[in-house]
Every structure is written in C-alpha cells, then in structure tokens.
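*Asks:*
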Amino acid sequence: MFSILSRTLVAVCWNRLTGLDEPVSGNIFVGGEDIGEKGLCHHRQNNISLVFQNYNLIDYLTPVENVLLGGKVDAGALLAQMGIEENACTRNVMQLSGGQQQRVAIARALAGKAPVLLADEPTGNLDEATAAEITDIFKGLAHDKKKCVIVVTHSRELAAEADIVLQLTAGRIHEMAAVV
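The opening position of the sequence shown corresponds to residue 2 in this note's numbering, with each subsequent residue numbered one higher.
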C-alpha cells in the first residue's frame, strides 16, 4: 500500500506512529500488537523504518556505513538498487547530492526489514526529476516488495501517485477519493 498523509497529520501523529513518543493516554496498535507492551524500542526495530525530510545521515560516514546502521545487509547491493553508483558508496555522504543522500536514507530504512516505511517529506528538498525517481522507488517498494509505505507530503504530484490519500481536517482523518 502506498499512502499519503497530509502534513498536518504528521504534526499530530509522527512521534507516536514512529514510537519516538509515548501516548499520554490510550494505546497504539500496529499489526494487532500494542506497541507499548513490547516497548517502543522493539517497535522501532521491528515494525517501522523512517525516512526523514533532512535525511538524518551521519555526516562523517560513507553511504555504506550509514546503511549498515539500519541492519546487517549487503549495503553495496542495497545502495545499487537505490541507484547509488559504486564509486559514490565510499565517499563521505556530505559529498553526495541531495537526491543521492535521500536514496542512502531510503536504503538505510530498508536495511531493517520493517514492514512499514514512514517517510516525512521525502521529495521536499529534491528537483522534479529526482523526486519522480524517489516516488517510483516508493511505489516499487509498496507494489513489488509488499511494504506499507506511508508518505507525508505537501506535494500534490506525489499524492497523485498514492493508492490512498488521507487528510486531517478539523481533528478528523478523511480518506480522499482524489487529490485536492
């Protein structure tokens, strides 16, 4: 499933969906499991991968080293799947373009094998062509790899690509039939 959430919904829910904050009251269930019972750390390690708007890469590491922080994988192969050329894999991430850094961030998120990928404005800092490539990566993850990809965006173009678009209006979540 490739879903888009309105930016307002992120302001309300991001830290709770990601397990970065505990709810003040109530419970959060993912896959029928209360994330508070197993622990927020367990939730972040096993249920959800994050792609941040500003990449959140460790700036003194290489792309390979950043990906390995996400899990034990063949980082070079995963980076190649994301379109990172072999010669870029050993450079410092600060020497990469914004699009390359975003691909490294996506590869790091995929290294953890979580079934849900939550991305906050993943195309916000990218040019139109690179944004389209990132959108195609997310669609492929959702449709080919069967990941639940949830994207938060202001981009109408990105929202138009989603299977489901949700928007928070006046404190209520609405599923949008078409991008508005």
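Even glycine gets a Cβ: it sits at the ideal position worked out from N, Cα and C.
1) Could you pull the DSSP bridge partners for ILE49 from this structure?
2) Restricting to Cα atoms, I'd like to know which of THR124, PRO116 and GLN82 is closest to ALA143.
3) Taking VAL1 as the reference, give the member of ASN88, ALA130 and ASP128 with the closest Cα.
4) Could you name the residues of the same chain whose beta carbon sits closer than 7 Å to that of ARG109, not counting the 5 residues immediately before and after it, in chain order?
5) Beta-carbon separation of VAL31 and LEU58 under 7 Å?
6) Using the three-state DSSP reduction, which class does ASP35 fall into: helix, strand or coil?
7) Out of curiosity, what's the CA-to-CA distance linking ARG45 and ASP22?
8) Measuring only the C-alpha atoms, how far is ALA130 from GLU34?
9) Considering only their Cβ atoms, is the gap separating SER50 from LEU127 smaller than 7 Å?
10) Just how far apart, CA to CA, sit GLY99 and GLY77?
11) Please return the same chain residues whose Cβ sits closer than 8 Å to the Cβ of GLY40, not counting the five positions on each side in sequence.
12) So what does ARG109 bridge to, in DSSP terms?
13) So GLU86 is in the beta strand (DSSP E); what residue range does that whole segment cover?
14) Let me know if THR9 comes out buried or exposed under the rule of 16 or more other beta-carbons within 10 Å of its beta-carbon.
15) Tell me which same chain residues have a C-beta within less than 8 Å of the C-beta of GLU134, skipping the five on either side of it?
16) How big is the Cα-Cα spacing for LEU79 and ILE107?
*Replies:* Quick answer:
1) VAL117
2) PRO116
3) Nothing about residue 1 can be read from this structure; the chain reaches only from 2 to 181.
4) ASN67, VAL68, LEU70 and GLY71
5) no
6) strand
7) 11 Å
8) 39 Å
9) no
10) 19 Å
11) none
12) In the DSSP output, where bridge partners are listed per residue, ARG109 has none listed.
13) GLU86 -> no beta strand (DSSP E), and no H or E assigned at all.
14) Bear in mind that a pLDDT of 49 at THR9, under 50, signals an unreliable position, so the number given afterwards is only what the model happens to contain. It is exposed - the Cβ of THR9 has fewer than 16 other Cβ atoms within 10 Å.
15) GLY84 and GLY100
16) 10 Å
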